[in-house]
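In terms of the numbering used here, the sequence shown opens at residue 1497 and continues consecutively. Ideal placement from N, C-alpha and C gives every residue a C-beta, glycine not left out. Treat the numbers as computed from the prediction; the structure is a model and nothing was measured.
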Amino acid sequence: MSTKVGERCDPLAGEGKRMRHKTLAAAAAVGLGLLTACSSISSSTAAAPASSGDTSTAQATSSAQATSSASAASCSNASIQSELYAKGVLTVATDTPAYPPWFIGNKPANGQGYESAVAFAVAKQLGFTPSQVKWVTEPFDSSYAPGPKKFDFDVNEISVTPERSTAVTFSDSYYDVQQALVALKGSPITTKHDPASLKTYVYGDQIGTTSLAFINSQIQPTSTPKVYNDLNAVKQALDTKQIAALVADTPTAQYISSSQIPNSVMVGQFPSTGEHFGLLFAKGNPLVTCVNKALATLKANGTITSLQHKYLKDYLSVPTIKP
């Protein structure tokens, strides 16, 4: 049972019915007596007579504890039900296919891969069991389009940008991103990638991605980059030498070069621009507040770091090149 702050030691709380027919003088007497009792209770709990400073400290501590309890209660599983897309379950979206190291085996619901593991860890903080997490498919380039969503949040290596934030709401960062360069082994760009040389190559990337934006804003090539509808088409373009290189976030770039395009190599990663991934919500969804609290807990208790070392350790230290 919870008690509202301020009613915890109210001498008249609950006395209304018993005092309804009493005189005001009698009511005052009863109130004075109860107030004295409350003061006696407060005094008896102290180990020694408290100074005014001690009392202020105790009151501040009590207030902080009450605030903390109220804050925790506001993000309880029961309290967030009205904010869910479907009551009783946490609906999480991502694209298909879902690639390593973010997902393993193209099965987001198996809890394996960094993003899948983060989603389940957040769900646990919100009071959901694994069976209460429902996964749905949402294409990458439609996830950040304006309008209602058929999910609670989307986890799909979606970088937070001012433009996207006008249409959707993002959580705090669950991964800080750097972009990396992938090319075919033996191609000129693998050895000649100083800033001036980088401008001379033909690049390609997926529409709407921050990787494509990075090419245009940071590398600034003399030839307009080729744009493709999905990452598979970009990889095919590189494999067939239609483009000299592609850019992707470092873990994805490493996976592409090591497992998906034969005879390719990750040339290096670019310096951080402050880019980071956020869980994506419908614009103004209040659930983001509780998800941010969950992420803060997962960062503080070491879960996020542990998951990064488990799934992304091969990508945390990569040579840096300058655009």
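Please classify residue i: is it buried, with 16 or more other beta-carbons within 10 angstroms of its beta-carbon, or exposed?
{"i": "Asn-1712", "result": "exposed"}
{"i": "Ser-1639", "result": "buried"}
{"i": "Pro-1626", "result": "exposed"}
{"i": "His-1689", "result": "buried"}
{"i": "Asp-1810", "result": "exposed"}
{"i": "Thr-1718", "result": "exposed"}
{"i": "Thr-1590", "result": "buried"}
{"i": "Thr-1662", "result": "exposed"}
{"i": "Gly-1609", "result": "buried"}
{"i": "Ser-1655", "result": "buried"}
{"i": "Thr-1799", "result": "buried"}
{"i": "Ala-1582", "result": "exposed"}
{"i": "Leu-1765", "result": "As written in the sequence, residue 1765 is Gln, which differs from the Leu given in the question. Gln-1765 is buried by the Cβ-count criterion."}
{"i": "Lys-1695", "result": "exposed"}
{"i": "Glu-1659", "result": "exposed"}
{"i": "Ser-1464", "result": "Given a span of 1497 to 1819 for the chain in the structure shown, any question on residue 1464 remains unanswerable."}
{"i": "Lys-1731", "result": "buried"}
For residue i, I'd like the list of residues in its chain whose CB is within less than 6 Å of its CB, leaving aside the five on either flank, ordered along the chain.
{"i": "Thr-1705", "result": "none"}
{"i": "Ser-1578", "result": "none"}
{"i": "Pro-1604", "result": "Thr-1590, Ala-1594, Ser-1612, Trp-1631"}
Starting from the C-beta of residue i, find all residues in its chain whose C-beta is less than 8 Å away, skip the five residues before and the five after it, and write them out in chain order.
{"i": "Thr-1592", "result": "Asn-1602, Thr-1633"}
{"i": "Val-1763", "result": "Ala-1676, Leu-1677, Val-1678, Ala-1679, Ile-1685, Thr-1686, His-1689, Ala-1741, Ile-1817"}
{"i": "Asn-1788", "result": "Ser-1667, Asp-1668"}
{"i": "Asn-1573", "result": "Leu-1622, Gly-1623, Phe-1624"}
{"i": "Leu-1803", "result": "Tyr-1610, Ala-1613, Val-1614, Ala-1617"}
Here's a check: name, in chain order, each residue in its chain whose Cβ is nearer than 7 Å to the Cβ of residue i, leaving out the five neighbours to either side.
{"i": "Asp-1637", "result": "Ile-1703, Gly-1704"}
{"i": "Asp-1735", "result": "Ile-1757"}
{"i": "Cys-1786", "result": "Cys-1571, Ile-1576, Leu-1622"}
{"i": "Phe-1616", "result": "Gly-1607, Pro-1626, Val-1629"}
{"i": "Leu-1791", "result": "Val-1618, Ser-1667, Asp-1668, Tyr-1670"}
{"i": "Leu-1776", "result": "Ser-1639, Tyr-1640, Phe-1649, Asp-1650, Ile-1654, Val-1664, Phe-1666"}
{"i": "Leu-1808", "result": "Pro-1597, Tyr-1610, Pro-1747"}
{"i": "Ile-1739", "result": "Val-1698, Tyr-1699, Gly-1700, Lys-1722, Ala-1733"}
{"i": "Thr-1793", "result": "Gln-1621"}
In the DSSP assignment, find the unbroken alpha helix (DSSP H) run with residue i in it and report its ends.
{"i": "Ser-1572", "result": "Counting along the chain, Ser-1572 falls outside any alpha helix (DSSP H), and DSSP gives it neither H nor E."}
{"i": "Gln-1702", "result": "That residue, Gln-1702, is in no alpha helix (DSSP H); its beta strand (DSSP E) goes 1699-1702."}
{"i": "Ala-1679", "result": "Segment 1675-1680 is the beta strand (DSSP E) holding Ala-1679; no alpha helix (DSSP H) there."}
{"i": "Asp-1726", "result": "Neither: Asp-1726 is in no alpha helix (DSSP H) and is coded neither H nor E."}
{"i": "Lys-1789", "result": "1783-1796"}
What are the boundary residues of the beta strand (DSSP E) that includes residue i?
{"i": "Leu-1775", "result": "1772-1778"}
{"i": "Gln-1716", "result": "Neither: Gln-1716 is in no beta strand (DSSP E) and is coded neither H nor E."}
Mind reading off the beta-carbon distance from residue i to residue j? Whole number of angstroms is fine, and I expect it under 8 Å.
{"i": "Val-1743", "j": "Ser-1707", "result": "4 Å"}
{"i": "Pro-1684", "j": "Asp-1701", "result": "Not really, about 19 Å apart at Cβ, beyond 8 Å."}
{"i": "Val-1614", "j": "Val-1651", "result": "7 Å"}
{"i": "Val-1761", "j": "Lys-1681", "result": "5 Å"}
{"i": "Phe-1624", "j": "Thr-1587", "result": "Phe-1624 to Thr-1587, Cβ: 10 Å. No contact."}
Touch check for the stretch 1779-1789 and the stretch 1744-1761: three-plus C-beta pairs under 8 Å?
no
Any 3 or more C-beta pairs closer than 8 Å across the stretch 1759-1779 and the stretch 1664-1680
yes
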